[in-house]
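Take a look at the structure set out below.
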Amino acid sequence: MENKLIFMDVDGTLCNPSGIVPDSAKTAIKTARSNGHKIFLCTGRSKPEIIDEILEVGFDGVIGAGGGYIEIKNTVLEHKLMPEKDVRDIIDYFEKHTIGYYIESNSGLFGSANCLSSIISQISNGAIEGSVEYEQAIAEFDWFKKILDDNAGKAIDYGFVNKISFISNGHPYDAVASKFGDTFQMHRTTVAQFGPQSGEVSIKDVNKATAIATVLDELDIDIKHTLGYGDGNNDIDMFNAVAHGVAMENATPSLKALSHEITPTADDHGIALSFKKKRLHLKKTSKKEFLYHANVQTT
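Below you can see the structure in the form of structure tokens.
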């Protein structure tokens with residue numbers, strides 16, 4: 038079996054809804070890499086959101102910010118930024134309409150004054166404050182709140198911005214897309230708990246597919262050796278850029294329709310089961326070794 042190059046989405050794919058990587062996925066990834074396969078994170082998250090608990094699993098590279106940032110073995114290959122004037126125009130629009138937002142930069146994650154309250158309003162989904170349901174919903178975002186808290190009050194370099202995510206207060210996503218869609222790439226949010234009217238504003242014509250093409254060219258790897266794992270519509274570009282797309286059971290209908298395979302959710306060991314199905318957990322053997330073991334088993 039030829040070694041594979043695997044692109045792995047994070048939220049809803051590698052991680053469960055609480056942002057935790059299941060032990061089964063950690064083991065599967067470490068085993069596959071030890072067998073010669075290369076694995077890249079391929080996520081909408083910017084670098085500060087790719088927390089140590091994820092990186093410690095071990096990867097050969099990172100595609101972040103939805104394709105705007107590419108890192109191979111800790112070396113930055115590409116990093117695209119939004120023009121400062123446009124960043125300020127987007128912020129002015131969100132402030133005018135009291136829309137919560139957070140600025141994604143490789144130097145930090147910076148939330149608006151109403152960012153956390155907007156997120157809490159969405160993720161609590163009407164649950165009574167103090168109830169078990171409310172506390173569980175809030176706890177799932179503790180890791181994200183910590184990043185915002187750690188960067189609160191820090192100076193923001195508006196010329197060093199990857200993208201801007203927003204949490205709707207009822208303001209229609211389509212209105213934001215109509216305002217900025219000609220200049221920027223618009224995506225509905227990949228965080229289901231933020232609600233369907235929330236979204237992301239990122240650099241035009243930059244996505245997971247363009248980043249994957251850059252990686253394949255840099256590593257001189259044929260597309261036929263590639264796999265992609267995802268769950269959201271922003272992974273459609275990724276599936277179009279690889280030979281074999283694997284959708285999680287929790288994936289959107291559009292992504293499932295495009296996939297070659299559907300695997301269980303993160304908590305149900307979907308990554309490990311798919312890797313095993315593809316025999317990525319086995320060491321590569323020569324034809325001679327394979328025939329030897331086959332003969333031993335049949336005699």
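So in my numbering, the last spot in the sequence shown is 336, and the numbers never skip.
We put the CB at the ideal spot given by N, CA and C, even for glycine.
A quick note: this is a predicted structure, and the numbers were derived from the prediction, not measured.
The residue from Lys314, Lys315, Ala309 and His318 with its alpha-carbon nearest to that of proline 59 is Ala309. Closest in C-alpha terms to lysine 183, from the list Asn53, Cys52 and Glu86, comes Glu86. For valine 279, the closest of Leu253, Asp179 and Pro54 by C-alpha to C-alpha distance is Leu253. Isoleucine 240 has Phe221 as its beta-bridge partners, per DSSP. Threonine 300 is a Cβ neighbour of glutamate 286, given a cutoff of 8 Å. Just measuring C-alpha positions, the residue of Phe181, Thr251 and Ala192 sitting nearest proline 54 is Phe181. Put simply, of Ile57, Val198 and Ser61 the residue whose alpha carbon is nearest the alpha carbon of proline 120 is Val198. In the DSSP assignment, methionine 275 falls within the alpha helix (DSSP H) that extends over 273 to 277. Asparagine 270 and alanine 192 have their alpha carbons spaced roughly 33 Å apart.
In the displayed model, tyrosine 195 falls within coil according to three-state DSSP, outside both helix and strand. Note on geometry: alpha-carbon atoms of glutamate 108 and serine 168 lie some 42 Å from one another. Counting the other CB atoms within 10 Å of its CB gives threonine 247 a total of 16 or more, which places it among the buried residues. Just measuring C-alpha positions, the residue of Glu298, Glu177, Asp305 and Asp126 sitting nearest lysine 314 is Glu298.
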